[in-house]
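So the protein sequences, as listed, match chains P and W. Residue numbers 1 to 104, in UniProt numbering, belong to the letters of the first sequence in order. Residue numbers 1 to 104, in UniProt numbering, belong to the letters of the second sequence in order. Working notes, beginning with the structure itself.
2 protein chains.
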Amino acid sequence: MVEDDIFRALADPTRRAIFEKLAAGSMNASALRQGMAISQPAMSQHLAVLRGAGLVREARQGRFVNYDVDPAGLALIAQWLAKYRAYWPARVDALEAVLKEMDQ
Amino acid sequence: MVEDDIFRALADPTRRAIFEKLAAGSMNASALRQGMAISQPAMSQHLAVLRGAGLVREARQGRFVNYDVDPAGLALIAQWLAKYRAYWPARVDALEAVLKEMDQ
DNA sequence: GAAACAGATAAGCAGACGCTTATGTGAAGC
DNA sequence: GCTTCACATAAGCGTCTGCTTATCTGTTTC
Numbered sequence: 001m002v003e004d005d006i007f008r009a010l011a012d013p014t015r016r017a018i019f020e021k022l023a024a025g026s027m028n029a030s031a032l033r034q035g036m037a038i039s040q041p042a043m044s045q046h047l048a049v050l051r052g053a054g055l056v057r058e059a060r061q062g063r064f065v066n067y068d069v070d071p072a073g074l075a076l077i078a079q080w081l082a083k084y085r086a087y088w089p090a091r092v093d094a095l096e097a098v099l100k101e102m103d104q
Numbered sequence: 001m002v003e004d005d006i007f008r009a010l011a012d013p014t015r016r017a018i019f020e021k022l023a024a025g026s027m028n029a030s031a032l033r034q035g036m037a038i039s040q041p042a043m044s045q046h047l048a049v050l051r052g053a054g055l056v057r058e059a060r061q062g063r064f065v066n067y068d069v070d071p072a073g074l075a076l077i078a079q080w081l082a083k084y085r086a087y088w089p090a091r092v093d094a095l096e097a098v099l100k101e102m103d104q
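Pasting the structure below:
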C-alpha cells in the first residue's frame, strides 16, 4: 500500500525534520545533514524511505544529488484526509463548498 | 511528539481499516471485529494506539465500549499538512485565499 | 453472588526499524 | 588514471511492533 509507505515514512521524527528542511528549499544530502547530528548512511537511508513514499524527489547534479519535496506524496495525504472531511471543523467544510462553486 | 503517535498509528494498515470503519459510524470493539480476521486482544491494542494518538475516542456504555472518530487527530494532520500548502496543487491554494477572505 | 459476556492487560515471540561501521559506486579534479 | 569527494549499499545489532495465548477487570443477568 502506498499509504503505508507515506505514514510510515512520516512516523519517524528525524524523517519529518528532513522533510521540513526540504520544504524550505531543495538541498543535497550533505547540506541536509548540517546541524542534524546524523550519520551520512542514516541520512541516505532516511532519504531512500522518503523517496520510496513519494514524499521526496532526487536529481543528480554532478556528484551531488539534489533532493526536493515531491507534491505527489502530499497530495496523497490530502486525498486520504479528504475522505474524513465530515469530521473536520465546519470552517473547512464551508471552504469545500466554495471550491465546488469555483469549479463550476 | 504528538505527530509521532498520529503518523505511527496510521502507518499500520489494520489500524487505518479500523479507523475507516469508525468513520462510517461509531461502533463498539466487537462490532468492529466483524469480518476483520483479527483477535480480540489485537483489536483492543489497536484501539488503544488510535486512542493514544487522538484519532479515536471511547465511551463506556454498560459493558460495551463505544468508539468513534476524534476530530482532534484529524485536525492535527490537517494542520501539519497546511504547513506545506506551498506544494499543493494550485487549486487548493486558491481555496485557501478564499478562506481568508471569508474570515474577514 | 455465580455465570456469562465485553473488553483490557500481561507475557512471550517473530519480524521490522533505525542505527552503526565498513565498503562500494560514480563523478570531479589534478 | 589515481585520488578525492558525495552518496549508496551491506551487514550486524539493539530496540520496537504487532501478533499470539492466557488471564484479569468490570458489567449484566439470573
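Glycine residues also receive a C-beta, built at the ideal position from the N, C-alpha and C atoms.
Residues bridged to residue i [DSSP beta-bridge criterion]
{"i": "R60 (chain P)", "result": "P:V65"}
{"i": "M36 (chain P)", "result": "Note: M36 (chain P) sits in no beta bridge, so no partner."}
{"i": "M1 (chain W)", "result": "Looking at the DSSP assignment, M1 (chain W) forms no beta bridge with any residue, so it has no partner."}
{"i": "M43 (chain P)", "result": "According to DSSP, M43 (chain P) bridges with nothing at all."}
Cβ-based burial, residue i [other Cβ within 10 Å; buried from 16]
{"i": "F64 (chain W)", "result": "exposed"}
{"i": "residue 138 (chain P)", "result": "Within the shown structure, residues of chain P are numbered from 1 to 104, placing residue 138 (chain P) beyond reach of any answer."}
{"i": "A42 (chain P)", "result": "exposed"}
{"i": "A24 (chain P)", "result": "exposed"}
{"i": "A48 (chain P)", "result": "exposed"}
{"i": "A11 (chain W)", "result": "buried"}
{"i": "R15 (chain P)", "result": "buried"}
Cα-Cα separation between residue i and residue j, rounded to whole angstroms
{"i": "I77 (chain P)", "j": "D4 (chain P)", "result": "11 angstroms"}
{"i": "residue 106 (chain W)", "j": "G62 (chain W)", "result": "Within the shown structure, residues of chain W are numbered from 1 to 104, placing residue 106 (chain W) beyond reach of any answer."}
{"i": "K21 (chain W)", "j": "A17 (chain P)", "result": "32 angstroms"}
{"i": "G35 (chain W)", "j": "I6 (chain P)", "result": "26 angstroms"}
{"i": "Q79 (chain P)", "j": "R85 (chain W)", "result": "13 angstroms"}
{"i": "A75 (chain W)", "j": "D68 (chain W)", "result": "15 angstroms"}
{"i": "N66 (chain P)", "j": "R8 (chain W)", "result": "28 angstroms"}
{"i": "W88 (chain W)", "j": "E58 (chain W)", "result": "34 angstroms"}
{"i": "S30 (chain W)", "j": "S44 (chain W)", "result": "10 angstroms"}
{"i": "S39 (chain P)", "j": "D70 (chain W)", "result": "38 angstroms"}
{"i": "R51 (chain W)", "j": "G73 (chain P)", "result": "25 angstroms"}
{"i": "S26 (chain P)", "j": "F19 (chain P)", "result": "10 angstroms"}
{"i": "L81 (chain P)", "j": "R33 (chain W)", "result": "23 angstroms"}
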